[in-house]
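Read through the structure below, which is laid out as structure tokens, and then see the notes.
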Amino acid sequence: MKLNISFTVSIRLISIKIIIYFFIRFSYKKHLKK
16 MKLNISFTVS IRLISIKIII YFFIRFSYKK HLKK
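When you read off a place in the sequence shown, starting at 1, and then add 15, the result is the number in the numbering used here.
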């Protein structure tokens with residue numbers, strides 16, 4: 016059970032990092048176009 020919780024937390028952290036990465040990349044490209 017404890018392992019499962021930590022696994023879910025790690026997946027959540029990874030997904031958040033990916034979302035932030037794509038968001039920064041997208042905003043950076045938008046900034047370059049201007």
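Ideal placement from N, C-alpha and C gives every residue a C-beta, glycine not left out.
Please read these numbers as outputs of a predicted model, since none were measured by experiment.
Pairwise C-alpha distance: residue j and residue i
{"i": "I26", "j": "I33", "result": "11 Å"}
{"i": "S21", "j": "H46", "result": "37 Å"}
{"i": "Y43", "j": "L18", "result": "37 Å"}
{"i": "F37", "j": "S30", "result": "11 Å"}
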